[in-house]
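So the sequence shown is numbered by our numbering: it starts at 1053 and just counts up by one. Here a beta-carbon is modelled for each residue, glycine too, at the ideal position from N, C-alpha and C.
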Amino acid sequence: VVTPAMSVVSAVDGLKVGISGIKQGEVVMIAVAFLIVLFSVQKYGTSKMGFVVGPALFVWFCCLAGIGIYNLVKYDRDVWRAFNPIHIYYFFKRKKIEAWYALGGCLLCATGSEAMFA
1053 VVTPAMSVVS AVDGLKVGIS GIKQGEVVMI AVAFLIVLFS VQKYGTSKMG FVVGPALFVW
1113 FCCLAGIGIY NLVKYDRDVW RAFNPIHIYY FFKRKKIEAW YALGGCLLCA TGSEAMFA
């Protein structure tokens, strides 16, 4: 019960970035409203919830992919070089020991992200 509540509160807390006049009490009330709705529809089963949320998530991820591809093409085409494995070889050849620290940082980011969603 604590993990979904913290996730909802932190997600709703992001509203303060876009809406400058929102207060912390309003953020909490919006989060409580979301949690009440989420926990009240649980009795209908997760399949019904997935049927409703699934298409919305599909549209959301398609929008994220589209925005990401647009930004890659428009602003920084050099990022596409990262898909070529020869560049990691060049990176390790150029940076030596610092490259291993960078790789360790990438792995820590990946495992930390996985732990957040577990």
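- Val1060 and Phe1086 do touch by the CB rule: their CB atoms are close to 5 Å apart, below 8 Å.
- In the structure shown, the three-state DSSP call for Ile1082 is helix.
- Less than 7 Å separates the beta-carbon of His1139 from that of Arg1133.
- Straight-line spacing of the CA atoms in Leu1109 and Trp1152 works out to 36 Å.
- Around the beta carbon of Val1064, a 10 Å sphere encloses 16 or more other beta carbons of the protein chains shown; the residue is thus reported as buried.
- Annotated three-state conformation of Asp1128 is coil, per DSSP.
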